[in-house]
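J.:
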Amino acid sequence: MSRRLRRKVVKKGKEKVVLPSYPEIENDDGGLGFENKGFANWTSLPDDTVIQLFSCLNYRDRANLASTCRTWRLLGASSCLWNSLDLRAHRCDAAAAASLASRGMNLQKLRFRGQETADAIIHLQARGLREISGDYCRKINDATLSVIAARHEQLESLQLGPDFCEKITADAIKAIAVCCPKLNKLRLSGVKDVHGDAIDALAKHCQNLIDLGFMDCLKVEELALGNILSLRFLSVAGTTNLKWGLISHLWGKLPNLTGLDVSRTDITPNAASRLFASSQSLKVLCALNCSALEQDVTFFATYNNNNNINNKGKLLLAQFSDIFKGIASLFADTSKNKRDVFFEWRNGKNKDKNLDMIMNWLEWALSHTLLRIAESNPQGLDTFWLKQGAALLLSLMQSSQEDVQEKAATALATFVVIDDENASIDCGRAEAVMRDGGIRLLLNLARSWREGLQSEAAKAIANLSVNANVAKAVADEGGINILSSLARSMNRSVAEEAAGGLWNLSVGEEHKGAIAEAGGVKSLVDLIFKWSAGGDGVLERAAGALANLAADDKCSMEVALAGGVHALVMLARNCKFEGVQEQAARALANLAAHGDSNSNNAAVGQEAGALEALVQLTKSPHEGVRQEAAGALWNLSFDDRNREAIAAAGGVEALV
């Protein structure tokens, strides 16, 4: 979904704290850490304290903590800890879901990823589910979605996307409408044809439906949408084949419509003006990346000169408008810094329920649209990103809505990328993020216990760190320690993005020593052993980072001491992915380049199968792999014993 960089390379010619199973806590001098010099009975902690501790841990750590004693096992199963479940980082089939069923009695919120988990949802037996959110939904079909709807009659919110729901049709939408009468929020992406019967079913059966989104759809029946009188928020962002003449006439009559998102559509200036004129309730129209509006000089001037507000006090959010100023106009007090409007709203004491609903919807709509724009990377947006786009993403990263935070971080990782293959980023955009305090915000997100946030934040840090100035800021803010810690995660996505961050940071000579001191070398080596049976992405990033580190004399010794020679040779011998092969060969070449200062050259040559693997890689169909393998053999050939072994393995031809 989001673009990833190939990492920059260089070429040269603290451990986890484990909770003790014993009750004593010792000081550095060996004494007990309590004033009474007695024993600490952890099981005597108040239940509320232990439950609060559980709530700060991911599921894996909860399971480990619960295994310490029977009391904590019971507390770990407390219903208050299981009212929400995020399965995106875990493979969850029917058997796994059934094993969780005893804890799903009070489950109200579920996030999942992919078809297999979608098929398994019914085995959770969580009939009280209120919210379901899924991504990677391309293979989910009508049958699966209809069964989910039928088993969860209490459902109030269903969101699938932002990737396209290619196999879902209007029949599934009708089933949702009939089975889930309490539905108040439905957001689907990429449905090919949402015809009138399905929308009429929603209008008939879901009387509480106030938030509806059909994004990136090929066709949506505009006339039927005008029948859902309960709607307050509607998004058709990215949807094609919309009849704007009909829309401006019908949707303006929706009595409660407050927010409408038409971003990335071909809405015309005339249609936008008629919507504002005909709707008594509409307050906000989001129209980002709508070329017809942006190219109309008269329309542009009218709203730009009136601070995004038309003569009826209605707000237009577009790329040519000041979005922060426009949103600030929704509040009575507009004297404060407009860039702090989201912060002031989140921390304000005087809450307005209606305004809170608008702001929460705006956060979601903006994060979704900005991510889509960043992914498509249209031309002509440099000014927008530099003046307000980057700042908007940073504001959204501080949202209380986790999915908004994740989308904003992903968009931040994506919008800076110019060329994925050559690790090129837009320096102006990257430094705009840095100037607005983005590095500290990202590192704070990376510290979250939520693995989804950790992964997206680490991805953004990795991409931004291609810029040397940003890399320095990441290091200065303690980012190397954070990434080294995340690289030890049991979540492959988190570990992969953290390894990518260390790969880019290790390009700078000034960061290599800090990575080694933070335990990054061992984390990277351990990653290779941990994911050796799969995970080409994490293996390539780990090997690439080790290759950069191995170019430094001292760090190369750290790599060898941590078992890096064996790990890299294992990759060279067994991995079939060319990206991993290339980085493993480059790492071995750099390890072998210090013949005069350490013994790594000999160590690589003596590792079982190393020379044979490198000789084999010189015959690869991929030029990069051949070059790196030949370079490794060349460096190794400066050792007499290696030279003879290379000849015996048939490697002379590669050196000629």
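FYI, in full-length UniProt numbering the residues of the sequence shown are 1 to 656.
Quick reminder that beta carbons are idealized off the backbone N, C-alpha and C, glycines included.
By the three-class DSSP mapping on this structure, what secondary structure does Lys174 have?
T.: Position 174 of the sequence shown, counting from 1, holds the residue named residue 174. Reduced to three states, the DSSP call for Lys174 is helix.
J.: Would you call the segment 266-282 and the segment 363-370 touching, i.e. three or more CB-CB distances under 8 angstroms?
T.: The segment 266-282 vs the segment 363-370: no contact.
J.: Which of helix, strand or coil does DSSP assign to Asp552?
T.: Taking the first residue of the sequence shown as position 1, residue 552 is located at position 552. Reduced to three states, the DSSP call for Asp552 is coil.
J.: Which residues does DSSP pair with Val284 in a beta bridge?
T.: Position 284 of the sequence shown, counting from 1, holds the residue named residue 284. According to DSSP, Val284 bridges with Gly259, Leu315.
J.: Excluding the five sequence neighbours on either side, which residues of its own chain have a C-beta within less than 8 angstroms of the C-beta of Ser192, listed in chain order?
T.: Indexing the sequence shown from 1 puts residue 192 at position 192. The residue asked about is misnamed: residue 192 is Lys in this sequence, not Ser. Taken in chain order, the residues that qualify are Glu166, Thr169, Cys217, Leu218, Lys219.
J.: Quick check on this structure: which residue in Asn590, Ala237, Glu221 has the alpha carbon closest to the alpha carbon of Lys243?
T.: Start at 1 with the first residue of the sequence shown, and residue 243 comes out as number 243. The candidate whose alpha carbon is nearest that of Lys243 is Glu221.
J.: Per DSSP, which one or two residues make a beta bridge with Phe233?
T.: By 1-based counting over the sequence shown, the position of residue 233 is 233. Answer is Asp211, Gly259, bridged to Phe233.
J.: Note down the Cα distance separating Phe299 from Ala271, rounded to an integer number of angstroms.
T.: Along the sequence shown, read from residue 1 onward, the residue named residue 299 stands at position 299. Along the sequence shown, read from residue 1 onward, the residue named residue 271 stands at position 271. Their Cα atoms are separated by approximately 11 angstroms.
J.: Identify whether Lys109 lies in helix, strand or coil by the three-state DSSP scheme.
T.: Position 109 of the sequence shown, counting from 1, holds the residue named residue 109. Of the three classes helix, strand and coil, the one that applies to Lys109 here is strand, per DSSP.
J.: By a C-beta neighbour count over all protein chains shown, 10 Å radius and 16 as the cutoff for buried, is Ala550 buried or exposed?
T.: Walking along the sequence shown from the start, residue 550 turns up at place 550. Result: buried.
J.: Which two residues bound the contiguous alpha helix (DSSP H) that contains Ile247?
T.: The count along the sequence shown starts at 1 and reaches residue 247 at position 247. Looking at the DSSP string, the run of the alpha helix (DSSP H) that includes Ile247 is 244-250.
J.: What residue does the beta strand (DSSP E) around Glu131 start on, and which one ends it?
T.: Numbered from its first residue, the sequence shown carries residue 131 at position 131. Run containing Glu131: 131-135, per the beta strand (DSSP E) assignment.
J.: Let me check understanding here. Comparing Cα to Cα, which of Gly537, Glu653, Ser291, Gly624 lies closest to Thr268?
T.: In the sequence shown, the residue the question calls residue 268 occupies position 268. Comparing Cα-Cα distances from Thr268 to each of Gly537, Glu653, Ser291, Gly624, the minimum goes to Ser291.
J.: Please determine, among Leu212, Met359, Lys351, the residue with the shortest C-alpha to C-alpha distance to Ile323.
T.: As a working mapping, residue 323 is identified with position 323 in the sequence shown. Ranking Leu212, Met359, Lys351 by Cα distance to Ile323 puts Met359 first.
J.: With DSSP as the reference, label Leu32 as helix, strand or coil.
T.: Taking the first residue of the sequence shown as 1, we reach residue 32 at position 32. Low per-residue confidence applies at Leu32: pLDDT is 34, beneath 50, and the placement is therefore not dependable, though the value from the model is reported in the following sentence. Strand, per DSSP.
J.: Using the C-alpha atoms, what's the distance from Gly161 back to Ala118?
T.: In the sequence shown, residue 118 corresponds to position 118, counting from 1. In the sequence shown, residue 161 corresponds to position 161, counting from 1. The straight-line gap from Cα to Cα measures roughly 13 angstroms.
J.: Contact defined as beta carbons within less than 8 angstroms: I believe Ser465 pairs with Gly501. What is the distance between those atoms, to the nearest angstrom?
T.: The residue you call residue 465 lines up with position 465 of the sequence shown. The residue you call residue 501 lines up with position 501 of the sequence shown. Yes, they are in contact, since the Cβ atoms of Ser465 and Gly501 sit about 6 angstroms apart, within 8 angstroms.
J.: Let's test the definition: count the other Cβ atoms within 10 Å of the Cβ of Phe164 and tell me whether it reaches 16, buried, or not, exposed.
T.: Within the sequence shown, the letter at position 164 stands for residue 164. Phe164 is buried by the Cβ-count criterion.
J.: List the DSSP bridge partners of Lys185.
T.: Reading the sequence shown from its first residue, position 185 is the one you call residue 185. The partner list for Lys185 (beta bridge, DSSP) reads Ser157, Asp211.
J.: Look at Asp553 and His511 and say whether their C-beta atoms are less than 9 angstroms apart.
T.: Here residue 553 refers to the residue found at position 553 of the sequence shown. Here residue 511 refers to the residue found at position 511 of the sequence shown. No; because the gap between Cβ atoms is not below 9 angstroms, this pair is not in contact.
J.: Taking the alpha-carbon positions, what's the Asp640 to Ala468 distance?
T.: Along the sequence shown, read from residue 1 onward, the residue named residue 640 stands at position 640. Along the sequence shown, read from residue 1 onward, the residue named residue 468 stands at position 468. Going by the C-alpha atoms only, they are around 40 angstroms apart.
J.: Under a Cβ-count criterion, where at least 16 other Cβ atoms within 10 Å of its own Cβ denotes burial, should Lys619 be classed as buried or exposed?
T.: Counting from 1 along the sequence shown, the entry for residue 619 is found at position 619. Of the other Cβ atoms in all chains shown, fewer than 16 fall within 10 Å of the Cβ of Lys619; this residue is therefore exposed.
J.: From Trp385 to Asn600, what does the alpha carbon distance come to, in whole angstroms?
T.: Taking the sequence shown and counting its residues from 1, one reaches residue 385 at position 385. Taking the sequence shown and counting its residues from 1, one reaches residue 600 at position 600. Trp385 and Asn600: Cα-Cα distance of roughly 47 angstroms.
J.: Of the residues Ala101, Thr43, Leu145, Leu87, which one's Cα is nearest the Cα of Arg127?
T.: One-based indexing of the sequence shown puts residue 127 at position 127. Measuring from the Cα of Arg127, the nearest candidate turns out to be Ala101.
J.: Closest to Cys56 by C-alpha separation, out of Gly245, Trp449, Leu107, would be which residue?
T.: Your numbering for residue 56 matches position 56 in the sequence shown. Of Gly245, Trp449, Leu107, the residue nearest in Cα terms is Trp449.
J.: With distances taken Cα to Cα, identify the nearest neighbour of Gln388 among Leu441, Ala318, Lys314, Ile132.
T.: By 1-based counting over the sequence shown, the position of residue 388 is 388. The candidate whose alpha carbon is nearest that of Gln388 is Ala318.
J.: Unbroken alpha helix (DSSP H) runs of length 4 or more, entirely within the segment 445-497: which are they?
T.: 451-464, 468-476, 479-486
J.: In chain order, which beta strand (DSSP E) runs of at least 3 residues are fully inside the segment 390-426?
T.: 417-419
J.: Suppose you measure from the CA of Cys206 to the CA of Ser235; what does that come to, to the nearest Å?
T.: Start at 1 with the first residue of the sequence shown, and residue 206 comes out as number 206. Start at 1 with the first residue of the sequence shown, and residue 235 comes out as number 235. For Cys206 and Ser235, the distance between alpha carbons rounds to 17 angstroms.
J.: Please return the same chain residues whose Cβ sits closer than 8 angstroms to the Cβ of Ala390, not counting the five positions on each side in sequence.
T.: Numbered from 1 along the sequence shown, position 390 holds the residue referred to as residue 390. Counting only Cβ-Cβ distances below 8 angstroms, and skipping sequence neighbours, we find Leu412, Phe415, Arg429, Ala432, Val433, Asp436, Gly438.
J.: Would the beta-carbon of Leu81 fall within 9 angstroms of that of Phe54?
T.: Start at 1 with the first residue of the sequence shown, and residue 81 comes out as number 81. Start at 1 with the first residue of the sequence shown, and residue 54 comes out as number 54. In this structure, Phe54 lies closer than 9 angstroms to Leu81 by Cβ.
J.: For Met397, is the classification buried or exposed, using 16 other Cβ atoms within 10 angstroms of its Cβ as the cut-off for buried?
T.: One-based indexing of the sequence shown puts residue 397 at position 397. Answer is buried; the Cβ neighbour count reaches 16.
J.: Taking all protein chains shown into account, do 16 or more other C-beta atoms lie within 10 angstroms of the C-beta of Ala177, making it buried, or fewer, making it exposed?
T.: The residue you call residue 177 lines up with position 177 of the sequence shown. By the 10 Å Cβ count, Ala177 comes out buried.
J.: With 16 as the cutoff for other CB atoms within 10 Å, does Arg73 come out buried or exposed?
T.: The sequence position of residue 73 within the sequence shown is 73, counting from 1. With fewer than 16 other Cβ atoms within 10 Å, it is exposed.
J.: Using a Cβ-Cβ cut-off of 7 angstroms (strictly less than) and excluding sequence neighbours within five positions of Ala645, which residues of its own chain qualify?
T.: Locating residue 645 in the sequence shown gives position 645, where the first residue counts as 1. Only Gly605, Leu611 meet the Cβ criterion.
J.: Helix, strand or coil: how does DSSP classify Ser84 here?
T.: Within the sequence shown, numbered from 1, the residue matching residue 84 stands at position 84. Here Ser84 sits in strand by DSSP.
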